[in-house]
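Peer 1:
Numbering (full-length UniProt numbering), first residue to last: 1 to 1059.
1) Using a 10 Å radius around the Cβ and a threshold of 16 neighbouring Cβ atoms, would you call residue 245 buried or exposed?
2) May I ask you to verify whether the stretch 56-63 touches the stretch 561-579, counting CB pairs closer than 8 angstroms and requiring at least 3?
3) Bridge partners for residue 1009 per DSSP, in chain order?
4) Start and end of the alpha helix (DSSP H) containing residue 223?
5) Is the beta carbon of residue 870 less than 8 angstroms from the beta carbon of residue 897?
6) I think residue 39 touches residue 969, with their Cβ atoms under 8 angstroms apart; what is that distance to the nearest whole Å?
7) Among residues of its own chain, excluding the 5 on either side of residue 574, which ones have a beta-carbon nearer than 8 angstroms to its beta-carbon?
8) For residue 188, which residues does DSSP report across the bridge?
9) Three Cβ pairs or more, each shorter than 8 angstroms: is that satisfied between the stretch 517-524 and the stretch 817-827?
10) What does the Cβ neighbour count give for residue 652, buried or exposed, with the cut at 16 atoms within 10 Å?
11) At which residues does the alpha helix (DSSP H) containing residue 823 begin and terminate?
12) Specify the secondary structure class of residue 154 as computed by DSSP and reduced to three states.
13) With a 10 Å radius around its C-beta and 16 neighbouring C-beta atoms as the bar for buried, classify residue 160 as buried or exposed.
14) Expressed to the nearest angstrom, what Euclidean distance is found between the alpha-carbon atoms of residue 577 and residue 14?
15) Note down the Cα distance separating residue 741 from residue 542, rounded to an integer number of angstroms.
16) Per DSSP, residue 302 is paired with what?
17) Once DSSP output is grouped into helix, strand and coil, what is the label at residue 997?
18) When you compare the CB positions of residue 965 and residue 935, do they come within less than 8 angstroms of one another, or not?
19) Please specify which runs of the alpha helix (DSSP H), each continuous and at least 4 residues long, are wholly inside the stretch 868-906, giving them in chain order.
20) Pick helix, strand or coil for residue 963, following the three-state DSSP scheme.
21) Quick one: using the 10 Å Cβ neighbour count with 16 as the cut-off for buried, is residue 720 buried or exposed?
22) Do residue 594 and residue 678 have their CB atoms nearer than 8 angstroms?
23) Kindly list the residues whose CB is nearer than 8 angstroms to the CB of residue 876, restricted to its own chain and excluding five residues on each side of it in sequence; keep chain order.
24) So, does the stretch 946-965 touch the stretch 164-183, judging by three or more C-beta pairs under 8 angstroms?
25) By how many angstroms is the C-alpha of residue 82 removed from the C-alpha of residue 101?
26) Whose CA, out of 99, 670, 850, 957, lies closest to the CA of residue 1024?
27) Tell me which residues share the same chain as residue 484 and place their Cβ nearer than 7 angstroms to its Cβ, disregarding the 5 neighbours each side in the sequence.
28) List the DSSP bridge partners of residue 208.
29) Compare the C-alpha of residue 685 against each of 216, 232, 79, 1012 and name the closest.
30) Give every residue of the same chain whose Cβ lies closer than 7 angstroms to the Cβ of residue 433, excluding the five residues on either side of it in the sequence, and list them in chain order.
31) Just to confirm, is the Cβ distance from residue 901 to residue 981 under 8 angstroms?
32) CB-CB under 7 angstroms to residue 321, same chain, minus the five flanking residues each way: which ones, in chain order?
33) For residue 1001, count neighbouring Cβ atoms within 10 angstroms of its own Cβ and tell me buried if that reaches 16, exposed if not.
34) Please list, in chain order, all residues of the same chain as residue 1061 whose beta carbon is under 8 angstroms from its beta carbon, the five residues on each side excluded.
35) At a cut of 8 angstroms, does the stretch 356-375 reach the stretch 180-198 through at least three beta carbon pairs?
36) Start and end of the beta strand (DSSP E) containing residue 175?
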């Protein structure tokens, strides 16, 4: 019992570590592009291996306990047998152990031995079941809110609400929330970054922990999150989201959300697969599809979390007028709109101002202006910022005029109360002047303002993610060789040595028992009770007991070395697969769902850890028992060999017939499990949307369907085992019958040998069954080795490090980039995506800011990937400061470039780890980066500060704070080349402003490349590069390019309303 108790505790601890490892692995795979761009793969590989090492240490301890348990379960049944024989001798009248008594008893003990030997394997499985069931019951449930269809006037009501995300922070996220929203109204929620706007919507949805208060939500809800959640499906499926298709309604929604132009340029229109997490579309395009999903759902209440942040003023006006506004499709619906587009505020029915987690003001636009409180300050700041930039750059005239009138009225109202020397007004003006060393406002480039970025800058394909391939036929011998080699060749010598010695001791003990029962001296009853008689019994009993102890010792040695070896093998194979997967090119991750990869690291690795260990050991033990049985029966009745050969052939035929089916069923079971993981991961990522739309039942049903499909294969696998078991039992009965007949026919056999023969014939059924089942299960479970080996041999990128080609310290010093006859494609067999970079260069003497623009499929994002070598050159080369990047190690290149990507990827872990996973920077450097990223005050207020846990996916931070965290990462690197890939597409204006002014001040001596999907962001840049179908069409300053009325850039600017 102490052994089992210790084993239980270790297994529970191991499963918890396994859960942590898989959680981190899922995040690593989800953010693999960021890891590659920052050359962070070794750091995160080390973190995964730290979890794995802890897991392996526990598995090793469990292996030692299993070895002790095996020793006990081997020795105890034998001691029970020995004690029974001793008790019989001592208590019987004659003190003679005859063959009948001995072998009948031995048969009964053997019947008991097999279940007892199975017990150590059953207990761990039982512990796993108990642990996982307990986990299911402990899973936290979303905060309950009241959903009603009553006739309440207010659609949403919050009374005395206090909510929080993180229990470690003593100050609740939202406090003193009292809010009543009438039906059919448009309500705007405004406030600075991190004040709690998105949290207010989450509180309405019941996603936050409610500490006190009451929340009532009337009728159905549709939700557009700040970070759009996209299913791995077609664009149409994402919009319909399980609803039935109404072509008329669908067309209205597509037109209102301005998506028709996107679908027109796609080969398959709205039936185009947009990939896992929407990898084929930009952030703004994801947001519009997310908005279309909400509109099509025809809900009663709409929670819109800044859906207009990533669109230009023209498209924003179109969406507001045709969707959100009081003349749009949602005119009669209740709409709660989080927005930074202050020019829409006069058109709202109610404005809620959030400041530091509390509602500071609430009321109609005119009433709030008259108060001259937080709202008036907020409004003037944003209007002044927007007005200055948009007037310079030709914003939509109607919106520009609207902003000017709002600002003039606001200034007039404030001047009525305050003198011209008002300190607050002066502070506003100076603040605005400082802040407007920034990017201009937002305009999406291209003829179609929302045109899709199809399959990252390449022609769309009909099937982006292929079905997982299932191996067929026999498992190759190389798979067995791979696993046995991972266990260690020397280890196998000791394993086989101890095992042979154990089987030899077992055989000797049974032959000794036969000799004992056949001893003529003991058979002479007249000598019973004499000293010679008793000494002889004691001798037989002692030797028999000694052979039992020897068996247990040899089994202990075998078990220890075997268990250590399989743990080592599992660790080595996991390490090899992890290393190979992290070195795989981006094309592998673009075409392979995360759930499919996670399946290899979870279920298949678990099979290596547990099931394969059991089946391999059972195969060895059952094969040894079978050989021992055949040898013993043949020793007593040699004629039995005549039956063994045909019976062996029949067993082999049954096994071959069975194994083809069971092996393929196991492969199918493994393959059908991947969609379960993929769907579950996708559902968890969009859990708030699923709950908001009331689609929980549908997603549960879909998950159940996928699980059922997987279980169909598993059930068929179990049934096939029973099919084999029935046939083996029948053949085993024939073996017993043969042994008994031969024993009767041969009258010369002693009673001891007859008893030995028949006893082992009765055991042969179990021995043969176990051997055939174990050997077939071994080949079935070895499929997991085959699947791990497949990923451990996947294609990899170029070397991370090339010491002989390493650039000098401080490289690049100038930031000079030169393309020489450069072409590239995403994968072999696909068309070129960049094909016209002929001797083109950029050089930074002081500061060079280059904007890269182009229509859909032009090659903008491909240029970024090419620069960082996420895709390799088909021909030509890229030189940076005279060094050919194609000859450098990938990490030598990527560590010396800096990128601020569009998606702010944050990993679970501390702030320190997210800023500096490589542990290369001091605390003072980290704090300086946070200060420059405008996060110092925020981080200082957190418990633990740099050790604060960000939560899975950075859930404890707002989207704006996550993007500022990414800016802090860039500031820590601060190289001579900075790439911005639509870095501010999904953030609000205030965050955008902070990012831009920091970039201009801290990267003033660098070459800055902006992959621009918005023309207004690059109108004041030094140079513009215009791409079209992978070719450089135009290059020059914005002013020079606008002089050519027939040029591509002029046409794009005109379509965007800039000229």
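Beta carbons are placed, not taken as given, at the ideal position from N, Cα and C, and that holds for glycine.
Because the structure is a prediction, the values reported are computed rather than measured.
Peer 2: Looking at the atomic coordinates:
1) The residue you call residue 245 lines up with position 245 of the chain shown. Exposed, because fewer than 16 other Cβ atoms sit within 10 Å of the Cβ of residue 245.
2) yes
3) On the chain shown, position 1009 is the one that residue 1009 refers to. Paired residues: 850, 979.
4) In the chain shown, the residue the question calls residue 223 occupies position 223. No alpha helix (DSSP H) contains residue 223, which is instead part of the beta strand (DSSP E) from 221-224.
5) The count along the chain shown starts at 1 and reaches residue 870 at position 870. The count along the chain shown starts at 1 and reaches residue 897 at position 897. Not a contact, by the Cβ cut-off of 8 angstroms.
6) Within the chain shown, the letter at position 39 stands for residue 39. Within the chain shown, the letter at position 969 stands for residue 969. About 12 angstroms separates the two Cβ atoms, so there is no contact after all.
7) For the purposes of this step, residue 574 is taken as residue 574 along the chain shown, with counting starting at 1. Within the same chain, residue 574 has close Cβ partners 52, 601, 605, 608, 788.
8) In the chain shown, residue 188 corresponds to position 188, counting from 1. DSSP, once it has assigned bridges, lists 337, 351 as partnering residue 188.
9) no
10) As a working note, residue 652 is residue 652 in the chain shown. Residue 652 comes out exposed.
11) In the chain shown, residue 823 corresponds to position 823, counting from 1. Residue 823 -> not in any alpha helix (DSSP H); beta strand (DSSP E) instead, spanning 817-825.
12) The residue given as residue 154 occupies position 154 in the chain shown. It is a strand residue.
13) Counting from one through the chain shown, the residue named residue 160 turns up at place 160. Residue 160 should be labelled exposed.
14) As a first step, residue 577 must be located in the chain shown, where it is residue number 577. As a first step, residue 14 must be located in the chain shown, where it is residue number 14. Taking the straight line joining both Cα atoms gives about 20 angstroms.
15) Along the chain shown, read from residue 1 onward, the residue named residue 741 stands at position 741. Along the chain shown, read from residue 1 onward, the residue named residue 542 stands at position 542. When rounded, the distance between both Cα atoms is 34 angstroms.
16) Residue numbering aside, residue 302 sits at position 302 when the chain shown is read from its first letter. DSSP output for residue 302 lists 222, 335 as bridge partner(s).
17) One-based indexing of the chain shown puts residue 997 at position 997. Residue 997 falls in the helix class under three-state DSSP.
18) In the chain shown, residue 965 corresponds to position 965, counting from 1. In the chain shown, residue 935 corresponds to position 935, counting from 1. Yes, these two residues count as a Cβ contact at 8 angstroms.
19) 890-894
20) As a position in the chain shown, residue 963 is number 963, starting the count at 1. Reduced to three states, the DSSP call for residue 963 is helix.
21) Residue mapping note: residue 720 aligns to position 720 of the chain shown, counting from 1. Per the 10 Å Cβ criterion, buried.
22) Counted from its first residue, the chain shown places residue 594 at position 594. Counted from its first residue, the chain shown places residue 678 at position 678. In contact: residue 594 and residue 678 (Cβ atoms closer than 8 angstroms).
23) Walking along the chain shown from the start, residue 876 turns up at place 876. Result list for residue 876: 819, 820, 821, 822, 823, 837, in chain order.
24) yes
25) The residue labelled residue 101 in the question sits at position 101 within the chain shown. The residue labelled residue 82 in the question sits at position 82 within the chain shown. Approximately 13 angstroms between the Cα atoms of the pair.
26) Working through the chain shown from its first residue, we reach residue 1024 at position 1024. If we check each option's Cα against that of residue 1024, 850 comes out closest.
27) Mapped onto the chain shown, residue 484 falls at position 484. Excluding residues within five positions, the ones whose Cβ falls inside 7 angstroms are 492.
28) Numbered from 1 along the chain shown, position 208 holds the residue referred to as residue 208. For residue 208, which the question treats as bridged, DSSP gives no partner whatsoever.
29) If you number the chain shown from 1, residue 685 lands on position 685. Comparing Cα positions, the closest option is 232.
30) Here residue 433 refers to the residue found at position 433 when the chain shown is read from its first residue. Annotation note: pLDDT 36 at residue 433 (below 50); position unreliable, coordinate value reported separately. Excluding residues within five positions, none has a Cβ falling inside 7 angstroms.
31) The residue given as residue 901 occupies position 901 in the chain shown. The residue given as residue 981 occupies position 981 in the chain shown. Against a cut-off of 8 angstroms, the Cβ pair of residue 981 and residue 901 comes out as a contact.
32) Within the chain shown, the letter at position 321 stands for residue 321. These residues qualify, in order along the chain: 327, 328.
33) Position 1001 of the chain shown, counting from 1, holds the residue named residue 1001. Classification for residue 1001: exposed.
34) Any answer about residue 1061 is impossible in this case: the structure gives the chain only from 1 up to 1059.
35) yes
36) By one-based count along the chain shown, residue 175 stands at place 175. Element bounds for residue 175: 174-182.
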